[in-house]
Amino acid sequence: MSCNPAIGGQAKGQMVREIDALGGEMAVNTDVTAIQFRLLNESRGPAVQAPRAQCDKKAYQLRLKHKLELQDNLQIFQATVTGLIYKHDRVVGCRTNLDVEFLGRTVIITTGTFLRALMHVGQNKNKGGRMGDFSAKTLSGSLIEAGIELCRLKTGTPPRLLGRSICFSGLQEQKGDREPTLFAFHDTRDQGDLFHVEQPGETLLGWRPGVAQTSCWMTYTTAESEQIVRSNLHLSAMYSGEISGIGPRYCPSIEDKFVRFADKPRHLLFLEPEGRNTNEYYVNGLSTSLPFDVQVQLVHSIPGLEQAIILRPAYAVEYDFAQPTQLFPSLESRKMEGLFFAGQINGTSGYEEAAAQGLVAGVNAVLKVRGESPMVIGRHEGYIGVLLDDLTSKGTIEPYRMFTSRAEHRLLLNHGSAEGRLMGHSRAMKLLPESRLNRIEQKFSAVKKWSDFLEDTSGGNGSLGDAVRRGEAPARLPAEFQNETKEVREETLYRVKYRGYLLREQRQIERFNDLERIRIPDGINYLAVSSLRKESAQKLQALRPATLAAASRISGVNPSDITILMILIETGHRTPSGPWSSPGSASVV
Amino acid sequence: MLGTTDTIAALATPVGTAAIAVVRASGPAVATLCRAIFGKLPEVRTVTRADYRDAAGTLVDDVVFTYFVAPNSYTGEDTVEISCHGNPYIAQRILEDLLARGCRPADPGEFTKRAFLNGRMDLSQAEAVMDLIRARSERALAAANQQLRGSLGRHMQGLTDRLVEVLAQIEAYIDFPEEDLPAENRQGALRALEELLQATRRLIATAHYGAVLRDGIRTVIVGEPNAGKSSLLNRLVGHERALVSAEPGTTRDYLEECVVVGAHFLRLVDTAGLNPLATALEERGIKKTLEQAAQADLFLWVIDSTGPLPTLPSALEKIMSPANTIAIYNKVDLDQAGAGRRQERFRAVAVSALTGDGIDKLRLAIQNLTEILRTEVGEELIALNARHAHALEAALERLTDARELLRLSNSIELISNHLRCALESFGEIAGRVDNERVLDQLFARFCIGK
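Quick note, the sequences are listed as chains A and B, same order.
Everything in the first sequence is counted per the numbering used here, starting at 21 for the first residue and increasing by one.
Everything in the second sequence is counted per the numbering used here, starting at 85 for the first residue and increasing by one.
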């Protein structure tokens, strides 16, 4: 974990649960290595609540590594990849710095922030994607050789401090939730598949999820901090023009915060422990590329940190990414067959976004080898669907992070329903054991049964469902319902509470589904379709949407263009020897 | 390949005045619609005459309609074609009624598209269909753009910007609960929403007022019994609409007709004669005349030129002015023409409703007056079409829901849901708003940076 060892939060938390519903490991790994759990927006409606956890950085890494080592049919090897091996228009493997060749029918690239990475601390530049690690220098050349265009992005990380040098006494404490909201759906799992990483040191054994949580602490920048930043702006890598990559707006450096929000007198900072067996603290909100000596002054200007010792300085990092519009929605490259991309190389930021892509790329690489059609998750099925569609159909200009406001159907994508929403995919792709699939099915049929029951049963003034919507139900619900699992109860009440809204969203989806279902054949040459407006043809040619729905989301493509595409596709269906029989045919009409 | 779920409706004939206008609807709800409107499901592919009554039961026009059953129709779906009298106002009323009954306004070329997708056209026609759709949508686009470049566009831009602002403020609390955001400003949001509601209502209202362009200039024909008001109406409309007779006082209620004069069209209202010695029945008619007059944009005062100059009731006298009234000396074909005294207050034209003499001059006089009327109404005229009004009404509904929730609860997830739907409705007029714009606004306003 290069940055803050936190998992979840708004939209990301929902995505972690979706990963769990698709057989990914992130949720369980978080549950058993988290040192603090918080349910965000707890005071608000369940539709916008999201779990978040602070993990033990090393435990998280070690447990996941251990899990991979024990995985059947998986061989692991660690080395720096220097280039890809191509044969005709296909990737056939990769080569390491020791000139070992690994051959395969598909290759997935997940370069994180390491591709031609450059770290900045003030005017000081070091090659590397993370402090203490290397930079992947030659792989970029190999991608460019395949015709893949690369651009630069920038991100940053704050300084790490020594805990015993921090004076916590005057700071506001932020404790974890007494009852943790876990990420994994433990209710549908076989018992006993959790295991702990035992470590020496301050805590001898692993821990049950949610016990012995640690606290975070809040502090603020001061007028003096602002003064220090302002008078040293010219030394900041970002403000002296050293960095060309574009950084994320939602994670600005402290320089940006003072400059762009000059009317805000102080900025909130969180001091977050990095683990149980370390005394290192992460200063959330203090990302910077100021020189080291200025960072020391800046840290000392903050209440509680007057005497703090910096263990590792803050830095900004620049790296290569490939605009994800060069990918199919399966995450396979349009330029090079068999080559898949996942994570920050696609312009995203965040562990959750990366994990989701890794899972999808993995599934689709296997399907590719088997010669089957790819798994594509719809925007209405999950945040993962929103993520993949946004990336591959619109691309990004800043590190892309998921927000709930990116989803059209936020109310349908609550975290508790992830298994139900993605059941079609997890069953079809055999991503979960049969026993769990059956339990998921039972769970959601219980949810359905109870929601129907509440709507159909009189509860005095209207149905019990009406009582739930008025917020006065709990005591009146039957005892059998109270005996159901927490998951079934919560999901049932969710569906009842938002019933009208969910129905409306469902209807919208059905209306749009026609377009969502119609796939646009790969080989189409938009520029040769005379009926399309030139501007639309160019955009479609560049972005190559996979479905008519994706095409309709491209800005500037209007409904008549969609109609024309629909007719083209229909034309292809009616004549077996039509324009689509040979993919790649240049002229269409 | 496509199960069409909705029923679409549109004018099938060009906007403007012809002998007849055709409104067409296609889709699964057509049979239900026919039963609701005409009270019966007519024989297939047979022309049937019926009264068209809108959802409120008001008679709109005397129409003929033809019902087609899938797959034997132009689109391959259940279809109804309604032919009404050829004036834009009536056709528009029928279309609006169909929309009110749940139809969706058809996209440009959508009937043809459905025809193609349902296999009603062969492959060789595909290219022609595409070109047609492109041409039609470009024409529609050009027309829409013209409006959007004008005041409608400016208004929509303003509304959309304000809505995005409110939405961004609410979204910030959903997506960034851990940020050091300023305290939620519910009063501020309520105020903003209230302004937005008013602006939307105003826009809808301007549309109704500005609909002079679309619904016509309300023109009331007044005059003494047997001055020839109904004959004049018939002459202007070009066919026998009003029941005319030599018997004075034939028109006891009032009649409405539409006629295009120059760039505008007039909604002509024929009224009961203003008889100073009225019977009780006529009294009622006169009362109606005065009600009609109160809403009029334009008066045509018909004077029998063979008789003495009549006096106007004082209620009318007050609202009629040289800017909105034309005096018409009728019956110039008769021998005694000109015997009556002339009035000096209003511009005057001499005509014979019977022979048509002087009607062209009358048209010109009306045209001159309507031009003045237009500038008086102001340049902020917005001609909302049925689609636009439909979208704005939908937005209004969701904005109202959002305001109620904001007042009574703090369910920001639901408030946001309503606001997003409203934004989508705005988008149907001025172009879709990308999610990205809400985020742009959010990051510009709040310092997000945990």
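Where a beta carbon is used, it is the ideal one built from N, C-alpha and C, also for glycine.
In terms of residue numbering, what span does the alpha helix (DSSP H) encompassing residue i cover?
i: Asn144 of chain A; result: Counting along the chain, Asn144 of chain A falls outside any alpha helix (DSSP H), though it belongs to the beta strand (DSSP E) covering 144-147.
i: Ala455 of chain A; result: The question names Ala, but residue 455 of chain A in the sequence shown is Ser. Segment 454-476, the alpha helix (DSSP H) holding Ser455 of chain A.
i: Phe527 of chain B; result: 519-529
i: Leu568 of chain A; result: 568-572
i: Glu372 of chain A; result: 371-390
Using the rule of at least 16 other Cβ atoms within 10 Å of the residue's Cβ for burial, across every protein chain shown, is residue i buried or exposed?
i: Arg351 of chain B; result: buried
i: Phe154 of chain A; result: exposed
i: Ala46 of chain B; result: The structure shown does not extend to residue 46 of chain B, since chain B is modelled only from 85 to 534, so the question has no answer here.
i: Asp340 of chain A; result: buried
i: Arg83 of chain A; result: buried
i: Gly221 of chain A; result: Only weak support is given to the placement of Gly221 of chain A: the predicted model assigns it a pLDDT of 46, under 50, and the value that follows is read from those uncertain coordinates. Exposed.
i: Ser436 of chain B; result: buried
i: Leu325 of chain A; result: buried
i: Asp283 of chain A; result: exposed
i: Cys531 of chain B; result: buried
i: Lys77 of chain A; result: buried
i: Cys168 of chain B; result: buried
i: Val52 of chain A; result: buried
i: Ala140 of chain B; result: exposed
i: Thr355 of chain B; result: buried
i: Ser162 of chain A; result: buried
i: Val111 of chain A; result: buried
i: Ile248 of chain A; result: buried
Where does residue i sit, in a helix, a strand or coil, going by DSSP?
i: Ile55 of chain A; result: strand
i: Tyr514 of chain A; result: helix
i: Leu125 of chain B; result: coil
i: Arg150 of chain A; result: coil
i: Glu308 of chain B; result: coil
i: Gln241 of chain B; result: helix
i: Asp354 of chain B; result: strand
i: Arg108 of chain B; result: strand
i: Arg286 of chain A; result: coil
i: Cys23 of chain A; result: coil
i: Leu327 of chain B; result: For Leu327 of chain B, the pLDDT reaches just 46, beneath the cut-off of 50, and the residue's location in the model is therefore unreliable, leaving the point undetermined.
i: Ala380 of chain B; result: coil
i: Pro293 of chain A; result: strand
i: Arg339 of chain A; result: One detail in the question is off: residue 339 of chain A reads as Tyr in this sequence, not Arg. Of the three classes helix, strand and coil, the one that applies to Tyr339 of chain A here is strand, per DSSP.
i: Arg269 of chain A; result: coil
i: Gly176 of chain A; result: strand
i: Gly103 of chain A; result: strand
i: Thr132 of chain B; result: strand
i: Gln34 of chain A; result: helix
i: Phe361 of chain A; result: strand
Using 8 angstroms for Cβ pairs, my map puts residue i next to residue j. What's the rounded Cβ distance?
i: Phe361 of chain A; j: Asp197 of chain A; result: Actually they do not touch by this definition, with Cβ atoms about 37 angstroms apart.
i: Thr244 of chain B; j: Val522 of chain B; result: Thr244 of chain B to Val522 of chain B, Cβ: 11 angstroms. No contact.
i: Leu183 of chain B; j: Val107 of chain B; result: About 11 angstroms separates the two Cβ atoms, so there is no contact after all.
i: Thr412 of chain A; j: Pro349 of chain A; result: 5 angstroms
i: Ile412 of chain B; j: Ile387 of chain B; result: 7 angstroms
i: Glu338 of chain A; j: Ile263 of chain A; result: 6 angstroms
i: His435 of chain A; j: Pro71 of chain A; result: 7 angstroms
i: Trp237 of chain A; j: Leu306 of chain A; result: Wrong, their Cβ atoms sit about 13 angstroms apart, outside the cutoff.
Along the chain, where does the beta strand (DSSP E) containing residue i start, and where does it finish?
i: Glu439 of chain A; result: Run containing Glu439 of chain A: none in the beta strand (DSSP E); it sits in the alpha helix (DSSP H), 438-441.
i: Gly113 of chain A; result: 110-116
i: Gly28 of chain A; result: 26-28
i: Asp145 of chain B; result: 143-152
- Query: Do the region 502-521 of chain A and the region 53-71 of chain A make contact, defined as three or more Cβ pairs closer than 8 angstroms?
  - Reply: At 8 angstroms Cβ cutoff, the stretches touch.
- Message: Is it the case that the region 131-149 of chain A contacts the region 269-279 of chain A, given that we only count it when at least three CB pairs across the two stretches are under 8 angstroms?
- Response: no
- Within the chosen definition, does the region 85-102 of chain A reach the region 270-289 of chain B through at least 3 CB pairs nearer than 8 angstroms? no
- Message: Taking 8 angstroms as the cut-off, does the region 193-200 of chain B touch the region 122-132 of chain B (at least 3 CB pairs, one atom from each stretch)?
- Response: no
- Kindly confirm or deny that the region 233-253 of chain A and the region 377-390 of chain A touch, where touching means at least three C-beta pairs closer than 8 angstroms. no
- the region 114-130 of chain A touching the region 294-305 of chain A, judged by at least three CB pairs closer than 8 angstroms: The answer is no - the region 294-305 of chain A does not touch the region 114-130 of chain A, with fewer than three Cβ pairs under 8 angstroms.
- Would you call the region 307-316 of chain B and the region 373-389 of chain B in contact, with 3 or more CB pairs under 8 angstroms? yes
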